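One structure below.
There are 2 protein chains.
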Amino acid sequence: MKQKRFFLSEEDIPRSWYNIAADMPNKPMPMLNPQTLKPVTLDELSQIFCRECSEQELNVTDRWIDIPEPVLEKYRYYRSTPLVRAYGLEKALDTPAHIYFKNESVSPVGSHKLNSALAQAWYCKQEGITNVTTETGAGQWGTALAYSAKVFGLEAAVYQVKISYEQKPYRRSMMQVFGAQVTPSPSMSTRAGKDILTRNPNHQGSLGTAISEAIELARETPERCKYTLGSTMSHVSLHQTIIGLEAEKQMEMAGEYPDEVIACFGGGSNFSGISFPFMRRNLMGEKHTRFIAAEPASCPKLTRGKFCYDFGDEAGYTPLIPMFSLGHDFMPANIHAGGLRYHGAGAIVTQLVKDGYMEGMDINQIEAFDSGMLFARAEGIIPAPESCHAIAATIRRANECKESGESRVLLFNLTGHGLMDMSSYDQYLRGNLINYSLSDGEIEKYTQKLGGL
Amino acid sequence: MKQKRFFLSEEDIPRSWYNIAADMPNKPMPMLNPQTLKPVTLDELSQIFCRECSEQELNVTDRWIDIPEPVLEKYRYYRSTPLVRAYGLEKALDTPAHIYFKNESVSPVGSHKLNSALAQAWYCKQEGITNVTTETGAGQWGTALAYSAKVFGLEAAVYQVKISYEQKPYRRSMMQVFGAQVTPSPSMSTRAGKDILTRNPNHQGSLGTAISEAIELARETPERCKYTLGSTMSHVSLHQTIIGLEAEKQMEMAGEYPDEVIACFGGGSNFSGISFPFMRRNLMGEKHTRFIAAEPASCPKLTRGKFCYDFGDEAGYTPLIPMFSLGHDFMPANIHAGGLRYHGAGAIVTQLVKDGYMEGMDINQIEAFDSGMLFARAEGIIPAPESCHAIAATIRRANECKESGESRVLLFNLTGHGLMDMSSYDQYLRGNLINYSLSDGEIEKYTQKLGGL
Chain A
1 MKQKRFFLSE
11 EDIPRSWYNI
21 AADMPNKPMP
31 MLNPQTLKPV
41 TLDELSQIFC
51 RECSEQELNV
61 TDRWIDIPEP
71 VLEKYRYYRS
81 TPLVRAYGLE
91 KALDTPAHIY
101 FKNESVSPVG
111 SHKLNSALAQ
121 AWYCKQEGIT
131 NVTTETGAGQ
141 WGTALAYSAK
151 VFGLEAAVYQ
161 VKISYEQKPY
171 RRSMMQVFGA
181 QVTPSPSMST
191 RAGKDILTRN
201 PNHQGSLGTA
211 ISEAIELARE
221 TPERCKYTLG
231 STMSHVSLHQ
241 TIIGLEAEKQ
251 MEMAGEYPDE
261 VIACFGGGSN
271 FSGISFPFMR
281 RNLMGEKHTR
291 FIAAEPASCP
301 KLTRGKFCYD
311 FGDEAGYTPL
321 IPMFSLGHDF
331 MPANIHAGGL
341 RYHGAGAIVT
351 QLVKDGYMEG
361 MDINQIEAFD
371 SGMLFARAEG
381 IIPAPESCHA
391 IAATIRRANE
401 CKESGESRVL
411 LFNLTGHGLM
421 DMSSYDQYLR
431 GNLINYSLSD
441 GEIEKYTQKL
451 GGL
Chain B
1 MKQKRFFLSE
11 EDIPRSWYNI
21 AADMPNKPMP
31 MLNPQTLKPV
41 TLDELSQIFC
51 RECSEQELNV
61 TDRWIDIPEP
71 VLEKYRYYRS
81 TPLVRAYGLE
91 KALDTPAHIY
101 FKNESVSPVG
111 SHKLNSALAQ
121 AWYCKQEGIT
131 NVTTETGAGQ
141 WGTALAYSAK
151 VFGLEAAVYQ
161 VKISYEQKPY
171 RRSMMQVFGA
181 QVTPSPSMST
191 RAGKDILTRN
201 PNHQGSLGTA
211 ISEAIELARE
221 TPERCKYTLG
231 STMSHVSLHQ
241 TIIGLEAEKQ
251 MEMAGEYPDE
261 VIACFGGGSN
271 FSGISFPFMR
281 RNLMGEKHTR
291 FIAAEPASCP
301 KLTRGKFCYD
311 FGDEAGYTPL
321 IPMFSLGHDF
331 MPANIHAGGL
341 RYHGAGAIVT
351 QLVKDGYMEG
361 MDINQIEAFD
371 SGMLFARAEG
381 IIPAPESCHA
391 IAATIRRANE
401 CKESGESRVL
411 LFNLTGHGLM
421 DMSSYDQYLR
431 GNLINYSLSD
441 GEIEKYTQKL
451 GGL
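For the record, the sequence lines run as chains A and B. All letters in the first sequence, in the order written, are residues 1 to 453 by my numbering. All letters in the second sequence, in the order written, are residues 1 to 453 by my numbering.
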C-alpha cells in the first residue's frame, strides 16, 4: 500500500515564517494614509494593530521571521497538519493527475485561520494589550481569535457578519465556548454600524462593515485594545506560510514537487500561506509552478476587479491599500462561502498578479458544492464551502489532465471542514442553491468611482 | 519542548484486532435463542448479521483476527489517530497526574465508530449483500455506517432516535451527504415502530426501539440486506481494539504505561476498544491497570443495573444477551449524550465487571459539560457529550491525584468531537441543562421483571 498521509515530526516543524516581500522583484506598493496620501507609517499602523504585526506589515527585507516559542508550542497542538495524497478523489475522477491536499481542517477551530490568530494574540499579550477585536464572515476567523485569546488570557470581541450569524448559529456557540463576546454586524454599538443601519435597516452585513465596527471599538481604547485581521494584510499572509513551508517538506517525503498549487481566495491569506514558499522557487527561476487562486464568480476581484487604491473596510477606517478591488462598498451576493465574500486582494498578492506569478479562476457556487460533495464521498472529509472552490478548481485541472493524458502534480489547500456549514449542504441537497454572476454593468457600477493605477 | 502528539507510521498501524475472549479466564456466557433458550447458533446469528461478523461474535478462541486489506486501506485515511499528552489540561488542573488521550475525533465522521463500520460494510460487500440497516442515537454510528456503505458501494438505511433527529438536524445532513436514507424512529415503516407509536404517539425514541426497526427492515430481505450494530456486540468491540493497540505502541513512544484507562460507556465498544489491549496485560498478571467506564448517572447499568439475560432491543428481536441491564424497555432521560442512552452492557464487558477487571463510574450531565468546557479551552477540542463523561471521570481522578500528590498516568479515549452537538453546548451556556438521577424505586420498577443470574 502506498503512503496516504505525511506528517512532520515535531522537531521538523518550521521555526520561521517566510516573508516573500524580501524576494519580490517588484515590491508591493505602499499602503497610504488616506488624509495625507503618503505611505502609512509604523506609528499610524500601530494605532490599529499591535506593534509587532505593524512592523511585520512594513517589512520587505527580512526573508525569515522567527516564530515565537509560545506560538510554536500552541502550533504543536495541531501541527504539522497532514499532507494527504487524494487517492480516493483520483480514483473517482479517473485522472492521471497526482492530487495532494494540505489538510488545515484539523486545527482546533477547524481551519487554517488559527495559524495567524495565535501569533497575533501572542504579540498583543506581549505588548500589554488586554482586549482584542475582530470581524468574522463564515466564523472561521472569529473562532480562531476567540480560541487564541483564551489561550493567551485576552478578552475577545467579535463582530460577525449578520447573514452568517443567522445562517450558522453554531459558529457563534463555538466562539462562546472559547469565551468570546459575539455581536451580529451591522450593530448599533458603533457609529459605522449605526450609519449603515440608518441607511438600510435590513442590511445583511459584509466583511467590510464588520471590519469597520471592530476597528472603531479598538480605537476607543487604543492603549489596551487592538484590532486583529484574518486575511488581506501582509503579516497575516506571513503567518500562514507555515502551511506551505510544511507542505514543501512533506511533498519531498512524498517524492514529488507540485506542478500547480491551488487555493481558494477571499482576502488571500490561505492562498499566500500554501503558495509563497513554493513561489519562492519560481522567483528564483528554479521552478515554473502554476499558482491558481479560486475565487467565487459572485465576487471576482482578481479576474474582474480594478487595480487601484481602496479601503479595506466599508467605512474607510483602514489605510488605502493597493488592491485588485470591486470597491469597498461592494455588496457580494449571499453565497455560502462567507469567507470569500470580500471585495479586495492584499497588496502582495495584487503585485504578484500584476507580475504574472499567479492567476485567478472563477468558480460558481453550484460547481463548488458539486465538487465538495464528490470530495466528501471520496476522501471522507466534508469541506468548508470556501474550500469547495479550491476543490472545484483542482477537479477542473484534473479533468483537463485526463483529456490531455498528462500526469501533473496538483496540490491544493483544504482550508477547513464544513461541519459548521451543514445548513449550506442542506440547501444543496434540497436543490435550493443558485449561482450568482455579475454583469459587466454591475461591476462597472461598483468600480467606476475607484481611481485606477 | 516536550512532545505533544504521537503518531504511528502507516506501516506500524496494527494489522490484527485483539479478541480478548481468547484470554478471559471465565468466558462470556452464551447468548440464547429466546424461543429455545439454547445458545444461539451461527446460522441464527447470520439471519441478522453478516456471516463473518457472526463468526467473530462466537469466536472465543482466536486471540488475533486479521484486518482485511481493504479495511486497512481505509483506516489509513485517518489512522493512526494521535495519542496526545494533555499538557493544557494538566496545567489547568494543576495536577501531578500525567494525562493522555487518544483522539478518535479525527476520523472522517468525527468519532471512533468508523473503526467497526468500515469492517462491517466490507464484510457485507464480500458476502454479496447490497443493503445495510442500522440505528443511531447521537448520530455518530449512523454517520459512520453511511460513509462506510458509500465507500464500499452499499445502500444504507438508518433509523435515528427521534429526539436526536430533532436536536441535531445536521447529523442527518451529514448522513445524507454520505448518501444514506435517514428515518426518525419510532416510525410507521415497521411493525415495531407502529406498535410503539400506537401505545405512545409522542414517543421520543430510544436506541432499543431504533434497533428493533432496523432489524425488522433487514429481516424483510435477509438474502441481500443485513443489520449492523455500532456497539454492545463482541465483534464490534473486537474491531474497536485498533484504538488500544495503537495506543499501546504510542504510550511506549511516550515512555509511559497507563495506571488507569478511562472511557465513556454506552454499549461498551469504545471502552472495549481502548481498554482490552491493556487489560490483556492484567489478565496475564503483568500489570495492574485500573479500568474505569464512565456512564451517565441517568443510565447507570454498570453500577445499578441487574446481571441478567435481556434483549438488546425494545421489541425483543435480538437473542437474549447476558447483560448488566436496566431492562430493554428502559426509557432513559433525554440527556444530550445520546450515544450513552442504552439500557445494557455487552456480554464480554459484563463478565469482566463480574470478575473485577473493570468498574463503572457514574457522571451527572452538568459535571460532564463542565468538564468538556474546561477541556475545550485547555486543549482546543470541543468534545462530544459522550466523551465529556470520560473527561469528567479523568478530571475526578486527576484532582484526587492532586490531593494525594500521586503522579499517576491517566489515559482516556476522546471518542468524538462535539461540533454536531453545539445545540447542547448552547443549552449549557444558557444554564438550561439539568441533571437526571434515578431513585432506587425507579430502577426497581424497570429491573424487577428481569430474571437475575
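Cβ atoms here follow ideal geometry from the backbone N, Cα and C, with glycine treated the same way. Note that the coordinates shown come from a computational prediction; the quantities given were computed from them, not determined experimentally.
C-beta neighbour in chain B for residue i, strict 8 Å
i	result
A:K4	yes
A:A376	yes
A:E10	yes
A:M373	yes
A:K150	yes
A:G230	no
A:Y317	no
A:F324	no
A:D426	yes
A:L414	no
Distance, residue j Cα to residue i Cα
i	j	result
A:R15	B:T415	32 Å
B:L229	B:V236	7 Å
B:I163	B:Q448	27 Å
A:M373	B:V177	7 Å
B:A376	A:A263	29 Å
A:P186	A:T318	17 Å
B:K231	B:I48	Reading the sequence as shown, one finds Ser at residue 231 of chain B and not Lys. In a straight line, the C-alpha of B:S231 is about 15 Å away from that of B:I48.
B:G360	A:R397	55 Å
A:P108	B:A297	29 Å
B:G205	B:V161	5 Å
B:R224	B:G128	7 Å
A:D440	A:A333	15 Å
B:L197	B:G316	17 Å
Where residue i falls: helix, strand or coil (DSSP)
i	result
A:G416	strand
B:F291	strand
A:S116	helix
A:N59	coil
A:L37	coil
A:G344	strand
B:E406	coil
A:N270	helix
B:S111	strand
A:L438	coil
A:R15	coil
Of the residues the options, the one placed nearest residue i, counting alpha carbons only
i	options	result
B:M29	B:P39, B:I20, B:A22, B:L238	B:P39
A:T81	A:K249, A:A157, A:L238	A:K249
B:F152	B:A121, B:F412, B:V132	B:A121
B:R5	B:F369, B:T136, B:N432, B:K102	B:K102
B:M31	B:A22, B:L45, B:A21	B:L45
A:N270	A:I65, A:F369, A:L207, A:I242	A:I242
B:S325	B:G451, B:S111, B:R76	B:G451
A:S173	A:Y147, A:T190, A:N399	A:Y147
B:K142	B:Q167, B:Q126, B:Q181, B:Y342	In the sequence as presented, Lys is not what sits at residue 142 of chain B; that position holds Gly. The shortest Cα separation from B:G142 among B:Q167, B:Q126, B:Q181, B:Y342 belongs to B:Q181.
B:R408	B:I395, B:M420, B:L419	B:I395
B:A86	B:R79, B:T95, B:Y78	B:T95
B:H112	B:S272, B:Y425, B:R341, B:N435	B:S272
A:G268	A:Y309, A:M323, A:D313, A:R304	A:M323
A:Q427	A:R281, A:N413, A:H336	A:H336
B:V84	A:Y78, A:L83, A:V84, A:G88	A:Y78
Proximity test, residue i beta-carbon vs the ligand PLP heavy atom, cut-off 7 Å
i	result
B:K194	For the structure depicted, the ligand PLP is absent and the ligand set is empty, with no information on it obtainable.
8 Å Cβ cutoff, residue i in contact with chain A
i	result
B:L419	yes
B:R191	no
B:R76	yes
B:E73	yes
Report task. Say whether the stretch 212-223 of chain B touches the stretch 242-260 of chain B, bearing in mind that this needs 3 or more beta-carbon pairs closer than 8 Å, one atom from each stretch. Result -> no
Query raised in the report: Is the stretch 273-289 of chain B touching the stretch 426-439 of chain B, taking contact as three or more C-beta pairs under 8 Å?
Result: no
Requested in this report: Determine contact between the stretch 61-76 of chain A and the stretch 339-356 of chain A, defined as no fewer than three beta-carbon pairs at a distance below 8 Å.
Outcome: no
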